[in-house]
Amino acid sequence: METYNLSYMHNPGTKPLCALTIGQIVSNAAKKWKNKEVLVSLYQNQRFTFGEIYDKVDRLAGGLAQLGLKPGDRLGIWGPNSSEWFISRLAAARGGFIVVQIDPAYQAPQLEYSINQVEIKILISTEFYKSNNCYDILCKTVPELNTCPDNAVELKSTKVPSLKRIIMMCDKQYNGTHQFNDIINSASPESVEKIKQQQNLIQPDDGCAIQFSSGTTGKPKGALLSHHSLVNCIIQFAHRMNIQSESKILVTTQFCHTSGSLFGILAAFVTGAVIVLPYPVFDAVKMLQGIISERCSYMLATPSLYVEMIEKSKEQNIIIKTLECAVYGGAPCSQQLAMDMIETLNIKHLM
Numbered sequence: 001m002e003t004y005n006l007s008y009m010h011n012p013g014t015k016p017l018c019a020l021t022i023g024q025i026v027s028n029a030a031k032k033w034k035n036k037e038v039l040v041s042l043y044q045n046q047r048f049t050f051g052e053i054y055d056k057v058d059r060l061a062g063g064l065a066q067l068g069l070k071p072g073d074r075l076g077i078w079g080p081n082s083s084e085w086f087i088s089r090l091a092a093a094r095g096g097f098i099v100v101q102i103d104p105a106y107q108a109p110q111l112e113y114s115i116n117q118v119e120i121k122i123l124i125s126t127e128f129y130k131s132n133n134c135y136d137i138l139c140k141t142v143p144e145l146n147t148c149p150d151n152a153v154e155l156k157s158t159k160v161p162s163l164k165r166i167i168m169m170c171d172k173q174y175n176g177t178h179q180f181n182d183i184i185n186s187a188s189p190e191s192v193e194k195i196k197q198q199q200n201l202i203q204p205d206d207g208c209a210i211q212f213s214s215g216t217t218g219k220p221k222g223a224l225l226s227h228h229s230l231v232n233c234i235i236q237f238a239h240r241m242n243i244q245s246e247s248k249i250l251v252t253t254q255f256c257h258t259s260g261s262l263f264g265i266l267a268a269f270v271t272g273a274v275i276v277l278p279y280p281v282f283d284a285v286k287m288l289q290g291i292i293s294e295r296c297s298y299m300l301a302t303p304s305l306y307v308e309m310i311e312k313s314k315e316q317n318i319i320i321k322t323l324e325c326a327v328y329g330g331a332p333c334s335q336q337l338a339m340d341m342i343e344t345l346n347i348k349h350l351m
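Going by the UniProt record's numbering, the sequence shown wraps up at 351, each residue one higher than the last.
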């Protein structure tokens with residue numbers, strides 16, 4: 001009897017898989033929760049509704065298209081957690097671009113390798129990360145920036161030939177680069193409308209993100225992830241955690257990691273929850289203060305981060321009362337740590 005190797009194994013369940021793209025869940029959420037808050041960046045003093053994010057996302061996607069980015073082209077994002085990162089990731093999905101999530105701690109050799117490995121065409125970069133001046137690192141990666149005029153130009157680099165444009169997530173004008181807000185503001189109504197019209201052409205099985213491995217056994221390897229895998233992963237995850245539209249999610253992990261971009265970005269668009277960014281990098285006190293000020297009910301972190309939060313909570317007598325559920329991953333969690341999390345952080349459920 002003839003047999004077939006199917007791409008998917010079908011099995012009935014309480015929460016069936018869906019055939020949606022990230023772009024579609026973004027537009028669906030904007031229609032359903034237009035005036036509801038979706039993103040709070042405490043350190044940037046910014047708050048956005050679903051409707052406001054949707055508008056910025058499509059205008060950024062339109063602006064990127066005007067710079068020559070086409071569906072399937074690679075868009076790199078290099079920086080710590082911020083509203084710009086959040087918007088850029090969603091704009092890539094709406095534009096049909098493949099987002100490349102780059103570790104903000106990378107130095108010039110690692111950045112050069114990443115750009116060449118997947119042929120990044122446009123890079124959205126932060127200005128600083130911890131003690132790193134990221135523009136200085138860019139100048140080492142793209143030496144041509146040192147002789148560029150003040151205004152933004154199309155790059156012609158010998159070290160990273162695929163890279164044509166660099167966009168800085170700041171208001172300062174750096175030689176040879178664009179400013180993030182300028183790209184959003186430059187989008188024509190026609191380019192934005194084209195982004196909206198092309199959503200049905202983007203398929204759930206299309207690749208939408210490249211995630212690099214850690215490089216433990218060699219150089220980092222890029223894995224291509226599809227809309228289908230990411231959307232269904234976060235739908236099932238949010239369902240299991242019982243995240244609701246009134247929930248508030250504290251983000252501790254970096255967006256460049258799969259857990260950070262799923263739990264810290266996409267979860268909002270399948271549940272209506274609010275994403276809270278206390279600080280660009282992990283700081284135990286800032287995280288605890290963020291939980292209190294925004295009354296966060298969900299968070300995800302590695303066991304080592306929970307250890308720091310427990311220590312600071314005890315040292316500074318910071319009382320946490322609102323956490324419904326905490327998720328840990330990346331390393332084993334001891335029974336003692338689990339008990340400390342429940343007792344000190346007053347967590348009701350652990351996953």
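We treat Cβ as the ideally placed atom computed from N, Cα and C, and that holds for glycine.
Since this is a predicted model, take the numbers as computed values, not measurements.
Check your understanding: Which residue from D206, L155, I184 puts its Cα closest to that of L20?
Key -> Ranked by Cα distance from L20, the options D206, L155, I184 are led by D206.
Review point. Taking the C-alpha atoms as reference points, what is the distance between L155 and G76?
Key: In a straight line, the C-alpha of L155 is about 15 Å away from that of G76.
Point to revise | Residues that DSSP places opposite G207 in a beta bridge | key: DSSP, once it has assigned bridges, lists S226 as partnering G207.
Review point. Is the beta carbon of L288 less than 8 Å from the beta carbon of S313?
Key: yes
Exercise for review: Assign Q199 to one of three DSSP states: helix, strand, or coil.
Suggested key: Helix.
Practice item. Evaluate contact between the segment 170 to 188 and the segment 204 to 223, counting only Cβ atoms and requiring at least three cross-stretch pairs below 8 Å. Key: no
Practice item. Along the beta strand (DSSP E) that carries M168, what are the first and last residues, could you check? Key: Membership of M168 in the beta strand (DSSP E) is indicated by the continuous run 165 to 168.
**Study point:** Identity of the residue in V251, R295, I115 nearest V281 by Cα
**Key:** V251
Exercise for review: Would you mind working out which of R89, V192, C256 sits nearest G62, comparing C-alpha positions?
Suggested key: V192
**Study point:** Segment limits, alpha helix (DSSP H) that includes T141
**Key:** 134 to 141
Review point. If you run the structure through DSSP and keep just helix, strand and coil, what is R295?
Key: coil
**Study point:** Three-pair Cβ contact test at 8 Å for the segment 76 to 86 versus the segment 99 to 114
**Key:** Enough Cβ pairs lie closer than 8 Å, so yes.
Point to revise | Own chain residues within Cβ distance below 8 Å of G260, not counting five before or after | key: Short of 8 Å from the beta carbon of G260, and not among the five residues preceding or following it, lie these beta carbons of its own chain, in chain order: N81, V251, T253, Q254.
Review point. Is A105 closer than 8 Å to K140 when the C-beta atoms are compared?
Key: no
**Study point:** Identity of the residue in I249, Q24, Y306, K321 nearest S334 by Cα
**Key:** Y306
Review point. Measuring CB to CB, does K219 end up less than 8 Å from L163?
Key: no
Practice item. Using the Cα positions of Y43 and V276, report the straight-line distance between them to the nearest angstrom. Key: 10 Å
Review point. Does the beta-carbon of M169 have 16 or more other beta-carbons within 10 angstroms, so that it is buried, or is it exposed?
Key: By the neighbour-count rule (16 or more Cβ atoms within 10 Å), M169 is buried.
**Study point:** Member of G222, L123, K159 whose CA lies at the smallest distance from the CA of E112
**Key:** For E112, the closest of G222, L123, K159 by C-alpha to C-alpha distance is K159.
**Study point:** In chain order, each alpha helix (DSSP H) run of at least 4 residues that lies wholly inside the segment 213 to 262
**Key:** 227 to 241, 258 to 261
Exercise for review: Would you mind stating whether I265 and R89 have Cβ atoms separated by less than 8 Å?
Suggested key: Contact: yes.
**Study point:** Entirely enclosed alpha helix (DSSP H) segments - the segment 270 to 333, minimum 4 residues
**Key:** 284 to 294, 303 to 315
Practice item. Reducing DSSP to helix, strand and coil, say where S125 ends up. Key: strand
Review point. Exposed or buried, A204, counting other C-beta atoms within 10 Å across all chains shown (16 or more means buried)?
Key: Sequence check: residue 204 is Pro here, not Ala. By the neighbour-count rule (16 or more Cβ atoms within 10 Å), P204 is buried.
Review point. Terminal residues of the continuous beta strand (DSSP E) containing W78?
Key: Its beta strand (DSSP E) spans residues 74 to 78.
Check your understanding: When the Cα of Y129 is compared with those of A326, Y279, I318, which residue comes out closest?
Key -> Per the Cα distances, Y279.
Practice item. Look up T344 in the DSSP assignment and say whether it is helix, strand or coil. Key: helix
Check your understanding: Buried or exposed: which applies to T271, given that a residue is buried once 16 or more other Cβ atoms fall within 10 Å of its Cβ?
Key -> buried
Point to revise | Pairwise C-alpha distance: C18 and A267 | key: 15 Å
Exercise for review: Report back the beta-carbon spacing between I202 and G96 to the nearest angstrom; my notes put them in contact at under 8 Å.
Suggested key: With 8 Å as the limit, I202 and G96 qualify as a contact, their Cβ atoms being about 5 Å apart.
Check your understanding: Among the residues of its own chain, which have a CB less than 6 Å from the CB of C325, if the five just before and after it don't count?
Key -> M241, Y298, H349
Check your understanding: Taking just the CA atoms, how far does Q199 sit from C256?
Key -> 24 Å
Point to revise | Proximity to K196 [Cα-Cα], best of A93, F50, V38, I319 | key: A93
**Study point:** Cβ separation of S229 and W33, assumed to be a contact under 8 Å, to the nearest whole Å
**Key:** Incorrect: roughly 24 Å between the Cβ atoms, too far for contact.
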